[in-house]
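Worksheet for the structure shown next.
2 protein chains.
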Amino acid sequence: MTTRADCEALDASDPLAMIRDLFTLPDGVIYLDGNSLGALPKHVPERMREVVEEQWGVDRIRSWNVHRWIDLPYRVGDRIGALIGAEPGSVVAADTTSINVYKAVDAARRLRPDRRAIVTDTSNFPTDVYVMRGIADASGLELKLVDPSAVLESINETVAVVALTEVDYRTGRRHDMAAITAAAHDAGAVVVWDLAHSVGAFPVGVADAGADFAVGCGYKYLNGGPGAPAFIYVAPRHQSSFRNPITGWFGHAAPFEFSLEFVPAEGIARARVGTPHVLGLVALDAALDVFDGLGLDVVRAKSLALTDLFMDLVEEWAGDIEVATPKEHERRGSQVSLRHDHAFPMVQALIARGVVGDFRIPDIARFGFAPLYVRYVDVWDAAVAIREVVASGEWRDPRFAARSTVT
Amino acid sequence: MTTRADCEALDASDPLAMIRDLFTLPDGVIYLDGNSLGALPKHVPERMREVVEEQWGVDRIRSWNVHRWIDLPYRVGDRIGALIGAEPGSVVAADTTSINVYKAVDAARRLRPDRRAIVTDTSNFPTDVYVMRGIADASGLELKLVDPSAVLESINETVAVVALTEVDYRTGRRHDMAAITAAAHDAGAVVVWDLAHSVGAFPVGVADAGADFAVGCGYKYLNGGPGAPAFIYVAPRHQSSFRNPITGWFGHAAPFEFSLEFVPAEGIARARVGTPHVLGLVALDAALDVFDGLGLDVVRAKSLALTDLFMDLVEEWAGDIEVATPKEHERRGSQVSLRHDHAFPMVQALIARGVVGDFRIPDIARFGFAPLYVRYVDVWDAAVAIREVVASGEWRDPRFAARSTVT
Numbered sequence: 001m002t003t004r005a006d007c008e009a010l011d012a013s014d015p016l017a018m019i020r021d022l023f024t025l026p027d028g029v030i031y032l033d034g035n036s037l038g039a040l041p042k043h044v045p046e047r048m049r050e051v052v053e054e055q056w057g058v059d060r061i062r063s064w065n066v067h068r069w070i071d072l073p074y075r076v077g078d079r080i081g082a083l084i085g086a087e088p089g090s091v092v093a094a095d096t097t098s099i100n101v102y103k104a105v106d107a108a109r110r111l112r113p114d115r116r117a118i119v120t121d122t123s124n125f126p127t128d129v130y131v132m133r134g135i136a137d138a139s140g141l142e143l144k145l146v147d148p149s150a151v152l153e154s155i156n157e158t159v160a161v162v163a164l165t166e167v168d169y170r171t172g173r174r175h176d177m178a179a180i181t182a183a184a185h186d187a188g189a190v191v192v193w194d195l196a197h198s199v200g201a202f203p204v205g206v207a208d209a210g211a212d213f214a215v216g217c218g219y220k221y222l223n224g225g226p227g228a229p230a231f232i233y234v235a236p237r238h239q240s241s242f243r244n245p246i247t248g249w250f251g252h253a254a255p256f257e258f259s260l261e262f263v264p265a266e267g268i269a270r271a272r273v274g275t276p277h278v279l280g281l282v283a284l285d286a287a288l289d290v291f292d293g294l295g296l297d298v299v300r301a302k303s304l305a306l307t308d309l310f311m312d313l314v315e316e317w318a319g320d321i322e323v324a325t326p327k328e329h330e331r332r333g334s335q336v337s338l339r340h341d342h343a344f345p346m347v348q349a350l351i352a353r354g355v356v357g358d359f360r361i362p363d364i365a366r367f368g369f370a371p372l373y374v375r376y377v378d379v380w381d382a383a384v385a386i387r388e389v390v391a392s393g394e395w396r397d398p399r400f401a402a403r404s405t406v407t
Numbered sequence: 001m002t003t004r005a006d007c008e009a010l011d012a013s014d015p016l017a018m019i020r021d022l023f024t025l026p027d028g029v030i031y032l033d034g035n036s037l038g039a040l041p042k043h044v045p046e047r048m049r050e051v052v053e054e055q056w057g058v059d060r061i062r063s064w065n066v067h068r069w070i071d072l073p074y075r076v077g078d079r080i081g082a083l084i085g086a087e088p089g090s091v092v093a094a095d096t097t098s099i100n101v102y103k104a105v106d107a108a109r110r111l112r113p114d115r116r117a118i119v120t121d122t123s124n125f126p127t128d129v130y131v132m133r134g135i136a137d138a139s140g141l142e143l144k145l146v147d148p149s150a151v152l153e154s155i156n157e158t159v160a161v162v163a164l165t166e167v168d169y170r171t172g173r174r175h176d177m178a179a180i181t182a183a184a185h186d187a188g189a190v191v192v193w194d195l196a197h198s199v200g201a202f203p204v205g206v207a208d209a210g211a212d213f214a215v216g217c218g219y220k221y222l223n224g225g226p227g228a229p230a231f232i233y234v235a236p237r238h239q240s241s242f243r244n245p246i247t248g249w250f251g252h253a254a255p256f257e258f259s260l261e262f263v264p265a266e267g268i269a270r271a272r273v274g275t276p277h278v279l280g281l282v283a284l285d286a287a288l289d290v291f292d293g294l295g296l297d298v299v300r301a302k303s304l305a306l307t308d309l310f311m312d313l314v315e316e317w318a319g320d321i322e323v324a325t326p327k328e329h330e331r332r333g334s335q336v337s338l339r340h341d342h343a344f345p346m347v348q349a350l351i352a353r354g355v356v357g358d359f360r361i362p363d364i365a366r367f368g369f370a371p372l373y374v375r376y377v378d379v380w381d382a383a384v385a386i387r388e389v390v391a392s393g394e395w396r397d398p399r400f401a402a403r404s405t406v407t
């Protein structure tokens, strides 16, 4: 039997408590949407002020050299690489996740020109599926969209590429990256992992798993800010054969020679396209400071404890709500999703109480537990709020019924 | 015979003088590189502070709705559209110029599946050429890379796409957009214009010229900040058939329905891909305030006066330097390029004197005259500096010889 006092005690002994202090966390809000937009690290505004007022405003074009804007995509890439178990020089921060999926899957299918299918699953984030559909249609491949439980059995020697998101954005179910990668390789397929809901939330080992390519998002658990640049990983063994479908100047061996002939760069630079988004990269770079010296095992342990506690409390207090997230630790990301026929107005009623989660079609109320700044008392208070919203029926208030564009 | 006093008088009566006051312009520097990175408008830092500290920091995920982040790509797109003579709803701000070239040229060639060539010219910015080379190789088309003077004669009924940059990044030579577009249409080809060195510097009329597609850059004459989002124009008549090769969720008819089937959006949304880069878009949106109520004819008149004056002074004072930019007004952008065997150290010696231009391979010293903040006295003083650098031979100093990565 847990009490709120127990939660306070857990927070008091939390090795990540000092990390929470690094974030701007307005009073009166329990923010459980860090899996959609990570909270603001307190030092980021000053870094943004510097890049805008001093670097852009004063040093202007010289900043590419003197403030090393030119290196940002690699510097940020390597810092993200350290969080996903990537080899140095194998990650670059650039563009959006969707565009990086396009680059990675298109490059992957070219490695297996004799094969005719791309496998993904119905739990993948829609943009990944859309991008793959476009690639499949343009290249005459079949897109096999299978149930997440049927991924392994769908991999065979007709398959060129297996492209999956590790953690299901709706349910928080986590795939077994190592097992699927090994099975795909046994069948001769190339594997692309989308780590949007993984990176920064728990340890990932792309190199250990033998992943071929990976992509991910800068604005969720990395706290890089709204629309932060994304990243792409290309395993070192593939870098010299990587064929980026979008052959822009920053993927050129010598962009500032302005030759008219395209000579692809060596290394991860080949996965780049155009001029880096400096403002977004500086925010993301600053945000990554929070991870300096942090053990991701500690982060994972807290994430599991928070999500365990939340699932236990919800099941105890709100019995008619189904927990959609797997109980097994190894099958779970860092979110808990609840299934409820009235999930949309329920989420709105919770937001009105200051408990910010989000809704995902058709019936999912989604709560992200960013372990760097969510406390055990937040879990308790959020579960209390859910209990009260369900018991009171306050979600039936008509003001919670209106669907907004983005939730 | 012009004097510095004449220049002061011209500045005193300059209708754009009050616009200059809107920019951060550090003392002791004559900034003639706004064609590479536009100067910082003074009010941008406060807007960035708001989006970072208040919108991201406090309102967080709700900001997509309450601060209308979700509309930024269209709002910024329409503001840019007004500067290039585009129909409302035909421009969106997104991604990088290179990626937008990829979308536009790939969509364009699909409109003429029976044809076999893409025409561009050797004055095009290399990234455009690289991207087109990639598209040509992937789709079995021929890329015809012709001399800029030979564009018209190279257009025939085998040509699917003519894709050009209006203003040559090296020489500042301007193509005749209307004539080339008309000739291409006569031959049944589709035309893509890159307006990187046009937008914000002078009036552009994409709709009047009948352009099919256009792209451009946010960080040059639009002053949107380093790596600002780029833009793409799709003529209304092509929007329903536009086929974006990168089918991401923001190009979907209903991205927040999270359907697994890709249904392309109506309108310019179809040219989008992933999550918008909010921080970069907010900076660009703020920077565009400078153009509110500004007549681009006035901007153009000043640009021509500045560049006329600069060419005259350089020719008078530094006779061995060749002016590479055309004298005819209608064939000129808003920069003046000088050709000199020692252009690189000459540019470095000028920078050391506080006159910031840049170098472009092999022998071009490039000076951008952003009419919103460059004064007539700046032109005078820059020309004096060039005269002195040439006369003194100070560019021979070894410290000016080292090539940096980005110049």
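Protein chains in written order, with the working numbering: chain A, 1 to 407; chain F, 1 to 407.
Positions of the beta carbon are idealized from the N, C-alpha and C atoms, including for glycine.
Beta bridge counterpart(s) of residue i as assigned by DSSP
i, result
"F/Q335", "F/G368"
"F/A163", "F/V192"
"F/F231", "F/A93, F/G216"
"A/E322", "A/R339"
"F/I30", "F/V355"
"F/F291", "In the DSSP output, where bridge partners are listed per residue, F/F291 has none listed."
"A/F23", "A/P41"
"F/V416", "The structure shown has nothing for residue 416 of chain F, since chain F only spans 1 to 407."
Residue interval of the alpha helix (DSSP H) (run including residue i)
i, result
"F/L10", "4 to 12"
"A/V379", "376 to 392"
"A/I155", "Careful: A/I155 lies outside any alpha helix (DSSP H) and carries neither H nor E."
"F/N201", "At residue 201 of chain F the sequence reads Ala, which differs from the Asn that was named. Per DSSP, F/A201 belongs to no alpha helix (DSSP H) and is neither H nor E."
"F/H43", "Counting along the chain, F/H43 falls outside any alpha helix (DSSP H), and DSSP gives it neither H nor E."
"A/T247", "Run containing A/T247: none; DSSP gives neither H nor E here."
"A/M177", "177 to 186"
Secondary structure of residue i, DSSP reduced to three states
i, result
"F/T97", "helix"
"A/A254", "coil"
"F/R403", "coil"
"A/G216", "strand"
"F/P398", "helix"
"A/D242", "For the sequence presented, residue 242 of chain A should be read as Phe rather than Asp. Coil."
"F/R170", "coil"
"A/L306", "helix"
"F/V51", "helix"
"A/D363", "coil"
"A/L313", "helix"
"F/A17", "helix"
"A/E330", "helix"
"F/M1", "coil"
Residue i, enclosing beta strand (DSSP E) - first and last residue
i, result
"A/R360", "358 to 360"
The ligand GTP heavy atom lying under 7 Å from the CB of residue i
i, result
"F/A235", "The ligand content of the structure shown is nil, which means the ligand GTP is not present either."
Runs of beta strand (DSSP E) lying entirely within the segment 103 to 144 of chain A, each at least 3 residues, in chain order: 117 to 121
Alpha helix (DSSP H) runs wholly inside the segment 53 to 97 of chain F, at least 4 long, in chain order: 63 to 66, 72 to 83
4 or more residues per run - each alpha helix (DSSP H) lying fully within the segment 254 to 280 of chain A: none
Residues from the segment 214 to 228 of chain F in contact with chain A, defined by Cβ distance under 9 Å: C217, Y219, G225, P226, G227, A228
Chain A contacts from the segment 131 to 144 of chain F (Cβ-Cβ distance under 8 Å): Taking a C-beta cut-off of 8 Å against chain A, the contacting residues of the segment 131 to 144 of chain F are V131, R133, G134, A138, listed in chain order.
Residues of the segment 277 to 288 of chain A with Cβ closer than 8 Å to any Cβ of chain F, in chain order: Cβ contacts with chain F come from H277, V278, L279, G280, L281, A283.
Interface positions of the segment 245 to 272 of chain A facing chain F (Cβ-Cβ less than 7 Å), listed along the chain: P245, I246, T247, G248, W249, H252, F256, E257, F258, S259, L260, F262
Chain-ordered residues of the segment 109 to 132 of chain A with a beta carbon less than 7 Å from chain F: T122, P126, T127, V129, Y130, V131
Near-chain A residues of the segment 348 to 361 of chain F (beta-carbon distance less than 9 Å), N- to C-terminal order: I351, V356, D358, R360, I361
Where the segment 40 to 55 of chain F meets chain A: residues whose CB sits under 9 Å from a CB there: Going along the segment 40 to 55 of chain F in chain order, one finds L40, K42, V44, P45, M48, R49, V51, V52, E53, Q55 with a Cβ nearer than 9 Å to chain A.
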